[in-house]
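**Q**
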Amino acid sequence: MEHYADQYIGGCWRPAAGPDTVVVLDPATEQPIATVPAGTAAEVDAAVAAARAAAPGWAASTREERLAALTRLRDGLVAHRAEIAATVTAELGAPARFADAVQAGTPIAVASAFLDVLADHAFEEQVGNSTVHAEPAGVVAAITPWNYPLHQIVAKVVPALAAGCTVVLKPSEETPLTARLFARLVDASGLPPGAFNLVTGLGTVAGAALTAHPGVDVVSFTGSTAVGRLIGESAGRGLKKLSLELGGKSACVVLPGADLARAVNATLANVFANSGQTCTAWTRLLVHREQYEQALAIAAATTPKYVPGDPSDPATRVGPLVSARQRERVQEYLTGAVADGARLVAGGPGAPEGLDRGYYVRPTVLADLAPDARAAREEIFGPVLVVLPYDDEEHALALANDTEYGLAGAVWAADDGTAVAFARRMVTGQVDINGGRFNPLAPFGGRRSSGVGRELGRHGLEEFLQTKSLQF
Ligand code: NAD
1 MEHYADQYIG GCWRPAAGPD TVVVLDPATE QPIATVPAGT AAEVDAAVAA
51 ARAAAPGWAA STREERLAAL TRLRDGLVAH RAEIAATVTA ELGAPARFAD
101 AVQAGTPIAV ASAFLDVLAD HAFEEQVGNS TVHAEPAGVV AAITPWNYPL
151 HQIVAKVVPA LAAGCTVVLK PSEETPLTAR LFARLVDASG LPPGAFNLVT
201 GLGTVAGAAL TAHPGVDVVS FTGSTAVGRL IGESAGRGLK KLSLELGGKS
251 ACVVLPGADL ARAVNATLAN VFANSGQTCT AWTRLLVHRE QYEQALAIAA
301 ATTPKYVPGD PSDPATRVGP LVSARQRERV QEYLTGAVAD GARLVAGGPG
351 APEGLDRGYY VRPTVLADLA PDARAAREEI FGPVLVVLPY DDEEHALALA
401 NDTEYGLAGA VWAADDGTAV AFARRMVTGQ VDINGGRFNP LAPFGGRRSS
451 GVGRELGRHG LEEFLQTKSL QF
């Protein structure tokens, strides 16, 4: 067990200011694997001061200098891919194969995409008698969750640095080891001291101090809708630029004529990936009433193939949830759903067979719930799919949009044109058409309670820029 006692501030690892620590647990064994400092408000002050001191110099750097440093950072991610995957498996419980392919692979793809965006971006444009300059927005507070710990860091820190901003990162207390590894790679990439700073610690202490700090110009937050509202209030008081990537309860709509088995199996893979701890997960599957029982039969046959187990075993497809708290939350939703009259198509409450240690739950498919039942409306953040029948396309659309969220979604149809026509009427930020693939250049973000602002690609870079218009 490692006891880390330093924070990365101003280009070096400084001894922690206070004695308090955060204990990191292995979710598969429930055993402690490390402690990291629980950052104080004084450390946040020091990190913001370092970022402010570095801001003018980094803002004045050329595109080529930024590209060179960020290319070295991306190459560091590539070179340390195995260590990244192992770290995410250890502190999150992500299965080894998924940790390599997605938890380590996606941030590499996202960082590479931002290099392309930076290489081509027009930081200056002519509008009538004005020249409009896109300038770095200043010091960025990045607050990230635990479910895709490196992806969420890279999706904020890399575009912020590419824009010429400097950054203070407060990662989730559940997954600080991935963040420390990222800080080591930043250190090796030769960015100027203070351009990137890391303060580990609790959200209510270090996170709250950072988002309210007067020295911060931009707040970029990913996490729960409840905390997002608090941060929005605090950033609003300081009139800071703000982006919030929050929760979701996305609909996957299977229109008549689609390949039902393909759509249902893709939905199960989507919902059970990362033990269901994915903000974009298609947790509501909408199928035509005439195909409802057939869809449930497919789900009943496929779900038992998702056997929870030891995440370090390369054969494992589903690991534990991140924490005891998260497991209790999912169990409460499952017992509540049963009380609300759900039919258990697969899985259900209780621990998976043979797994009495570790934060495991059973991959579960629920049917026969009313659309307004809690499990059908609220984000569960576990491997739980709710299947709802619809009567016609208008009913499907009403159900899809009858949610406080609007982050992602999917449409399956006999042809892309039919699916696109439906998707255009969905109130949401992204829709995958007939199994469309993740695109690290496409804007990502939500409507309504799923947040404000966009990450990834050109839109993600622009979150960290402010315009200045010069008139001639
Ligand atoms: P969370 O909101 O509890 O915590 C997220 C981060 O905020 C952590 O770093 C935490 O320490 C910090 N934090 C907590 N309270 C704070 C406060 N008062 N001030 C400042 N910072 C504070 O969320 P979580 O449990 O880590 O993540 C799960 C949630 O995140 C889910 O609801 C999920 O849908 C959402 N999520 C959304 C996206 C997205 O892109 N839309 C991505 C991943 C996760």
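Numbering follows full-length UniProt numbering, with no gaps: position 20 of the sequence shown is 20. We treat Cβ as the ideally placed atom computed from N, Cα and C, and that holds for glycine.
#1: Could you tell me the alpha carbon to alpha carbon distance between L286 and Y360, rounded to whole angstroms?
#2: Where does L366 land, buried or exposed, given buried means 16+ other C-beta within 10 angstroms?
#3: Which whole runs of the alpha helix (DSSP H) in the segment 390-454 are 4 residues long or more, in chain order?
#4: Give the DSSP-derived three-state secondary structure of S243 in the structure shown.
#5: In terms of residues, what are the limits of the beta strand (DSSP E) holding N197?
#6: Less than 7 angstroms separating the Cβ of residue 478 from some heavy atom of ligand 1?
#7: The beta strand (DSSP E) that contains A142, what's its start and end?
#8: When we look at the beta-carbon of T467 and count the other beta-carbons within 10 Å, is it buried (16 or more) or exposed?
#9: Considering only their Cβ atoms, is the gap separating V264 from A299 smaller than 8 angstroms?
#10: How many angstroms separate the CA atom of Y292 from the CA atom of L388?
#11: Just to check my reading of the structure: C252 and R289 have Cβ atoms closer than 8 angstroms, yes? What is that Cβ distance to the nearest angstrom?
#12: Tell me where the beta strand (DSSP E) around S220 begins and ends.
#13: DSSP on L202, reduced to helix/strand/coil?
#14: What's the C-alpha gap between G336 and Q294?
#15: Under 8 angstroms, do E245 and G445 count as touching if we go by C-beta distance?
#16: Compute the Euclidean distance between the alpha carbons of D416 and N434, then round it to the nearest angstrom.
#17: List the DSSP bridge partners of T40.
#18: Short of 8 angstroms in beta carbon distance, which residues of its chain neighbour I153, apart from the five on each side in sequence? Order them along the chain.
#19: So for A251, helix, strand or coil by DSSP?
#20: With distance defined between alpha-carbon atoms, name the residue in G457, H3 and A41 nearest to A208.
#21: Just curious, the alpha helix (DSSP H) that K156 is in, first and last residue?
#22: Thinking just about the alpha-carbon of each residue, which of P176, H121, L385 and T303 is nearest to the one in G203?
#23: State the start and end residues of the unbroken alpha helix (DSSP H) segment that holds V88.
#24: If we ignore side chains and look at the alpha-carbon of each, how far apart do N401 and A85 end up?
#25: Could you please give the first and the last residue of the uninterrupted alpha helix (DSSP H) stretch that includes T225?
#26: Along the chain, where does the alpha helix (DSSP H) that runs through V271 open and close?
#27: For the beta strand (DSSP E) containing R362, list its first residue and its last residue.
#28: How should C12 be labelled, buried or exposed, when 16 other C-beta atoms within 10 angstroms of its C-beta is the threshold for buried?
#29: Let me confirm a value: S275 is counted as buried when at least 16 other C-beta atoms fall within 10 Å, else exposed. Which label applies?
#30: Under 8 angstroms: do the segment 419-439 and the segment 70-80 share three or more Cβ pairs, one atom per stretch?
#31: Are there any heavy atoms of ligand 2 lying less than 7 angstroms away from the beta-carbon of V110, as far as the coordinates show?
#32: Please determine, among G236, Q277 and A258, the residue with the shortest C-alpha to C-alpha distance to K249.
#33: Reducing DSSP to helix, strand and coil, say where A346 ends up.
#34: Suppose contacts are defined by Cβ-Cβ distances below 8 angstroms. Is A113 in contact with L465 by that definition?
#35: If you draw a straight line from the alpha carbon of G223 to that of F196, how long is it in whole angstroms?
#36: Grab me the residues of A111's own chain with a C-beta within less than 8 angstroms of its C-beta, minus the 5 sequence neighbours each way, in chain order.
**A** Reading from the atomic positions:
#1: Working through the sequence shown from its first residue, we reach residue 286 at position 286. Working through the sequence shown from its first residue, we reach residue 360 at position 360. Approximately 27 angstroms, taken between the alpha carbons.
#2: Against the sequence shown, residue 366 aligns to sequence position 366. With 16 or more other Cβ atoms from the protein chains shown falling within 10 Å of its own Cβ, L366 counts as buried.
#3: The alpha helix (DSSP H) runs lying completely inside the segment 390-454 and spanning 4 residues or more are 393-401 and 416-423, given in chain order.
#4: In the sequence shown, counting from the first residue as 1, residue 243 sits at position 243. Three-state result, S243: strand.
#5: Here residue 197 corresponds to residue number 197 of the sequence shown, with the count starting at 1. According to the DSSP assignment, N197 belongs to the beta strand (DSSP E) that extends over F196 to L198.
#6: Nothing about residue 478 can be read from this structure; the chain reaches only from 1 to 472.
#7: Here the question's residue 142 lines up with position 142 in the sequence shown. Run containing A142: V139 to I143, per the beta strand (DSSP E) assignment.
#8: In the sequence shown, the residue the question calls residue 467 occupies position 467. Residue burial is scored here from C-beta neighbours: T467 has fewer than 16 other C-beta atoms within 10 angstroms and is therefore classed as exposed.
#9: Counting from 1 along the sequence shown, the entry for residue 299 is found at position 299. Counting from 1 along the sequence shown, the entry for residue 264 is found at position 264. In contact: A299 and V264 (Cβ atoms closer than 8 angstroms).
#10: Residue mapping note: residue 292 aligns to position 292 of the sequence shown, counting from 1. Residue mapping note: residue 388 aligns to position 388 of the sequence shown, counting from 1. For Y292 and L388, the distance between alpha carbons rounds to 8 angstroms.
#11: Within the sequence shown, the letter at position 252 stands for residue 252. Within the sequence shown, the letter at position 289 stands for residue 289. Taking the Cβ atoms as the reference, C252 lies roughly 16 angstroms from R289, outside the contact range of under 8 angstroms.
#12: Stepping through the sequence shown from its first residue, residue 220 is reached at position 220. Start and end: V218 to T222.
#13: Your numbering for residue 202 matches position 202 in the sequence shown. DSSP places L202 in coil when its eight states are reduced to three.
#14: Position 336 of the sequence shown, counted from the first residue, corresponds to residue 336. Position 294 of the sequence shown, counted from the first residue, corresponds to residue 294. Distance between the alpha carbons of G336 and Q294 is about 25 angstroms.
#15: Residue numbering aside, residue 245 sits at position 245 when the sequence shown is read from its first letter. Residue numbering aside, residue 445 sits at position 445 when the sequence shown is read from its first letter. Cβ atoms of E245 and G445: closer than 8 angstroms.
#16: As a first step, residue 416 is located in the sequence shown; it is residue number 416 there, counting from the start. As a first step, residue 434 is located in the sequence shown; it is residue number 434 there, counting from the start. Those two C-alpha atoms are separated by around 7 angstroms.
#17: To locate residue 40, count along the sequence shown from 1; it is residue 40. In the DSSP assignment, T40 forms no beta bridge with any residue.
#18: Looking up residue 153 in the sequence shown gives position 153. Only P107, A142, T144, L169, P171, T178, A179 and F182 meet the Cβ criterion.
#19: By one-based count along the sequence shown, residue 251 stands at place 251. If DSSP states are grouped into helix, strand and coil, A251 belongs with the strands.
#20: Sequence index remark: in the sequence shown, residue 208 carries index 208 (1-based). A208 has its Cα closest to that of A41, out of G457, H3 and A41.
#21: Taking the first residue of the sequence shown as 1, we reach residue 156 at position 156. Where K156 is concerned, the enclosing alpha helix (DSSP H) stretches over P149 to A163.
#22: Numbered from 1 along the sequence shown, position 203 holds the residue referred to as residue 203. Closest by alpha carbon: P176.
#23: Here residue 88 is taken as the residue at index 88 of the sequence shown, counted from 1. That run of the alpha helix (DSSP H) goes R81 to L92.
#24: The residue you call residue 401 lines up with position 401 of the sequence shown. The residue you call residue 85 lines up with position 85 of the sequence shown. A85 has its alpha-carbon roughly 36 angstroms from the corresponding atom of N401.
#25: Locating residue 225 in the sequence shown gives position 225, counting from the first residue. Per DSSP, the continuous alpha helix (DSSP H) segment holding T225 begins and ends at T225 to R237.
#26: Taking the first residue of the sequence shown as 1, we reach residue 271 at position 271. Looking at the DSSP string, the run of the alpha helix (DSSP H) that includes V271 is L260 to F272.
#27: Along the sequence shown, one-based indexing puts residue 362 at 362. Careful: R362 lies outside any beta strand (DSSP E) and carries neither H nor E.
#28: For the purposes of this step, residue 12 is identified with residue 12 of the sequence shown, where counting begins at 1. By the beta-carbon neighbour count (other beta carbons within 10 angstroms, threshold 16), C12 is exposed.
#29: Locating residue 275 in the sequence shown gives position 275, counting from the first residue. The residue in question, S275, is buried, as its Cβ has 16 or more Cβ neighbours within 10 Å.
#30: Too few Cβ pairs lie closer than 8 angstroms, so no.
#31: Only ligand 1 can be found as ligands here, which leaves ligand 2 out of the picture.
#32: In the sequence shown, counting from the first residue as 1, residue 249 sits at position 249. By alpha-carbon distance to K249, the top candidate from G236, Q277 and A258 is Q277.
#33: Along the sequence shown, read from residue 1 onward, the residue named residue 346 stands at position 346. Note: A346 maps to strand in three-state DSSP.
#34: By 1-based counting over the sequence shown, the position of residue 113 is 113. By 1-based counting over the sequence shown, the position of residue 465 is 465. In this structure, the beta-carbon distance from A113 to L465 does not fall below 8 angstroms.
#35: In the sequence shown, residue 223 corresponds to position 223, counting from 1. In the sequence shown, residue 196 corresponds to position 196, counting from 1. Spanning the alpha carbons of G223 and F196 requires a straight line of approximately 21 angstroms.
#36: Here residue 111 refers to the residue found at position 111 when the sequence shown is read from its first residue. The residues are L70, L73, R74, L77, V154 and V158.
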